[in-house]
Amino acid sequence: MKYLFILGRNPKLSVAEVFAYLERTGNSMENYFVNKNALLVEVGETIEAGAVDSLGGVIGIGIVLASGNEQEIENKLDKQEVYLGESNKLNYVIWDFSEEGIEEITLYLKKRFKNEKLKATEKKLRPEMEMQNGGKSGIVSSSNVNEQYFIFEDNLNRNYFGKIVQKCDYKTLEKRDMEKPVRRESLAISPRLAKIMINLSGVKEGGRLLDAFCGIGVILDEALLQELKIVGVDNDKKAIAGARENLKWFKFSKDDYDLINNDSSKVAISDVDVMVSEPDLGEVYRKIPTVKKAKEQLREFEDLMVDVLNNLSGKISGKIVFTSPLIRTIKDRKGCNIDFILERTGLKLVKGFPIDEFRGKQIVGRRIFVLEK
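In structure tokens, the structure reads:
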């Protein structure tokens, strides 16, 4: 089975998440290609419905209907249904992940829909999503789009045509986040990034996840929505109270979570499968700090993580995923010294990490680490 994943604003992080998700769900990956902000994968099993809801860095998931050169694709499409809707009015978009453009497939679809007596209109994607690399990518801006198709070209110059069958429901996700009784906009991690990090941990279905800096519980919420068991620790009594209120609002079973108001460098916990956390990233700057100030903040973070990981790693059987501050200075962006942490904890850095996550003018971004024993 071949699937296309439309990736979010940080393709490198999204690709890592998809790979981790496939491994986490036991779906073998036989081949893959990346073009622009799209990932084409060939997998051994069908990707389950609703998979996009478990992914934080994916805009949509599509299935491949035909592949080959332009004529081969058209011949294959002639033998199958492209539009299965009941209305004779159709608004559609075509995602272009090719090098030569989509002119031929655009003409084919227009002719095809006309012959099928459909009142079909192609809508254009708007280049409104700012990518981490500084460019822009298209998004579906109209709520009246019925179908989304795609054309993808791999590095062997082979083309793939298909349709998007799963789409991220951003409105529902935002509504859920905004309506929670307790929010901390300047401090809390986003639900999107929380999902990504949970996938990077590789935690299996029904596994037990630790958030050693749980705050008001954003990571806990997303883990429980995936039917995981969780342990949340925070030394801020008010934050723990907020997390408890949010978990109650979600109506999660009290049997599935344990909240502890304590210092993660000293707390005693029972065994867990993985740790997924956003520690305190330090000062929130209004202006760019000096290199000296940034290094001082990073050293405090390093010392904190050494203490916490030395206390907790013996109870964690699997991976440890955490964010660290990535501080913009006049010279460049400064991140923590991971070798300092690794040498003092005996942990190892997973291949492919760290991965940076930040927006262009953001002073304090994130550097994401995945560690293992």
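Sequential numbering of the sequence shown, starting at 3, is according to our numbering.
A virtual CB, placed ideally from N, CA and C, is assigned to each residue, including glycine.
In whole angstroms, what is the alpha-carbon distance linking E302 and K197? Within the sequence shown, the letter at position 300 stands for residue 302. Within the sequence shown, the letter at position 195 stands for residue 197. Cα to Cα, the separation comes out at about 27 Å.
Run through the region 287 to 335 for me and flag every whole beta strand (DSSP E) of 3 or more residues, listed as ranges in chain order. With a minimum length of 3 residues, the continuous beta strand (DSSP E) runs that stay inside the region 287 to 335 are 322 to 330.
Starting from the N-terminal side, write out each stretch of the alpha helix (DSSP H) that is 4 residues or longer and does not extend beyond the region 105 to 131. 105 to 117
The beta strand (DSSP E) that contains G59, what's its start and end? One-based indexing of the sequence shown puts residue 59 at position 57. No beta strand (DSSP E) contains G59, which DSSP labels as neither H nor E.
Terminal residues of the beta strand (DSSP E) in which S139 lies: Translated into positions along the sequence shown, residue 139 becomes position 137. It spans 138 to 141 - the beta strand (DSSP E) in which S139 sits, taken as one unbroken run.
Residue from N339, M199, L15, S319 with nearest C-alpha to L300: One-based indexing of the sequence shown puts residue 300 at position 298. Sorting N339, M199, L15, S319 by C-alpha distance to the C-alpha of L300 places N339 at the top.
For D257, tell me which candidate among K231, N157, M277 has the shortest Cα-Cα distance. Position 255 of the sequence shown holds residue 257. For the residues K231, N157, M277, the minimum Cα distance to D257 belongs to K231.
Looking only at its chain, what residues have a beta carbon closer than 8 Å to the beta carbon of K350, apart from the 5 residues adjacent to it on each side? To locate residue 350, count along the sequence shown from 1; it is residue 348. Excluding residues within five positions, the ones whose Cβ falls inside 8 Å are L344, L373, E374, K375.
Rounded separation between V286 and D80 - CA only: Translated into positions along the sequence shown, residue 286 becomes position 284. Translated into positions along the sequence shown, residue 80 becomes position 78. Answer to the nearest angstrom: the Cα atoms are 57 Å apart.
For M133, does the three-state DSSP call read helix, strand or coil? For this step, residue 133 is matched to residue 131 along the sequence shown. It is coil, neither helix nor strand.
Pick helix, strand or coil for Q73, following the three-state DSSP scheme. Counted from its first residue, the sequence shown places residue 73 at position 71. It is helical.
I want to see whether chain C comes within less than 7 Å of D236, judged by CB atoms only; does it? Looking for chain C here will not work: only one protein chain is present.
Do you know offhand how far L15's Cα is from I357's? Taking the first residue of the sequence shown as position 1, residue 15 is located at position 13. Taking the first residue of the sequence shown as position 1, residue 357 is located at position 355. Distance between the alpha carbons of L15 and I357 is about 6 Å.
Nearest to P13 (by Cα), restricted to the options V60, N33, A22, A53: Within the sequence shown, numbered from 1, the residue matching residue 13 stands at position 11. It is V60 whose Cα lies nearest to the Cα of P13.
Mind checking who R210 pairs with in its DSSP beta bridge? Numbered from its first residue, the sequence shown carries residue 210 at position 208. The partner list for R210 (beta bridge, DSSP) reads K231.
Could you give the DSSP three-state label for D180: helix, strand or coil? Reading the sequence shown from its first residue, position 178 is the one you call residue 180. Checking the sequence, you will find Met at residue 180 rather than Asp. Note: M180 maps to helix in three-state DSSP.
Tell me the DSSP bridge mates of A40? Numbered from 1 along the sequence shown, position 38 holds the residue referred to as residue 40. Note: A40 sits in a beta bridge opposite I8, N37.
What does L31 pair with, by DSSP beta-bridge criteria? Position 29 of the sequence shown holds residue 31. A quick correction: the sequence has Met, not Leu, at residue 31. DSSP lists V45 as partners of M31.
With a floor of 4 residues, list each alpha helix (DSSP H) that falls wholly inside the region 213 to 283, ordered by position along the chain. 220 to 227, 239 to 252
Would you mind reading off the limits of the alpha helix (DSSP H) that contains F21? Locating residue 21 in the sequence shown gives position 19, counting from the first residue. Per DSSP, F21 belongs to the alpha helix (DSSP H) from 13 to 26.
Here's the rule: buried if 16 or more other CB atoms are within 10 angstroms of the residue's CB, otherwise exposed. What is F252? Numbered from 1 along the sequence shown, position 250 holds the residue referred to as residue 252. It is exposed - the Cβ of F252 has fewer than 16 other Cβ atoms within 10 Å.
My output table needs one value for I63: the three-state DSSP class, helix, strand or coil. Against the sequence shown, residue 63 aligns to sequence position 61. Three-state result, I63: strand.
Where do the ends of the beta strand (DSSP E) carrying D358 lie? Your numbering for residue 358 matches position 356 in the sequence shown. D358 -> beta strand (DSSP E) spans 357 to 359.
If you run the structure through DSSP and keep just helix, strand and coil, what is A190? In the sequence shown, counting from the first residue as 1, residue 190 sits at position 188. DSSP places A190 in coil when its eight states are reduced to three.
How big is the Cα-Cα spacing for D334 and I318? The residue given as residue 334 occupies position 332 in the sequence shown. The residue given as residue 318 occupies position 316 in the sequence shown. One C-alpha to the other measures close to 34 Å.
Which one or two residues does DSSP pair with G367 in a beta bridge? Stepping through the sequence shown from its first residue, residue 367 is reached at position 365. Answer by DSSP bridge pairing, in chain order: L328.
Figure out for me which residue from D305, T331, R361, N313 has the closest Cα to the Cα of D341. Position 339 of the sequence shown, counted from the first residue, corresponds to residue 341. Of D305, T331, R361, N313, the smallest CA-CA separation from D341 is found for D305.
With three or more C-beta pairs closer than 8 Å as the rule, is the region 220 to 235 touching the region 199 to 207? Yes, the region 199 to 207 is in contact with the region 220 to 235.
Please report the distance separating the alpha-carbon of F329 from that of M180. On the sequence shown, residue 329 is found 327 positions in, with the first residue counted as 1. On the sequence shown, residue 180 is found 178 positions in, with the first residue counted as 1. One point to set straight first is that residue 329 is Ile, not Phe, in the sequence displayed. Their Cα atoms are separated by approximately 27 Å.
Beta strand (DSSP E) containing L92: first to last residue? On the sequence shown, residue 92 is found 90 positions in, with the first residue counted as 1. Per DSSP, L92 belongs to the beta strand (DSSP E) from 91 to 99.
Of the residues E247, V184, I218, the one placed nearest D236, counting alpha carbons only: Here residue 236 is taken as the residue at index 234 of the sequence shown, counted from 1. Considering only E247, V184, I218, the residue with the shortest C-alpha distance to D236 is I218.
Backbone CA spacing between K294 and K138 [nearest angstrom]: Walking along the sequence shown from the start, residue 294 turns up at place 292. Walking along the sequence shown from the start, residue 138 turns up at place 136. Straight-line Cα distance between these residues: approximately 34 Å.
Helix, strand or coil for N161? Go by DSSP, reduced to three states. Counting from one through the sequence shown, the residue named residue 161 turns up at place 159. Three-state result, N161: strand.
Whole angstroms are fine: how far does the CA of I322 sit from the CA of F99? Counted from its first residue, the sequence shown places residue 99 at position 97. Counted from its first residue, the sequence shown places residue 322 at position 320. Their backbone Cα atoms lie some 34 Å apart in a straight line.
Pop quiz: S279 and F215 are said to be a contact at Cβ under 8 Å. What is the actual Cβ separation, rounded to whole angstroms? Within the sequence shown, the letter at position 277 stands for residue 279. Within the sequence shown, the letter at position 213 stands for residue 215. At roughly 5 Å, the Cβ-Cβ gap stays under 8 Å, so S279 and F215 are in contact.
Going by CA-CA distance only, name the one from L9, G337, L314 that's closest to T325. Within the sequence shown, the letter at position 323 stands for residue 325. Comparing Cα positions, the closest option is G337.
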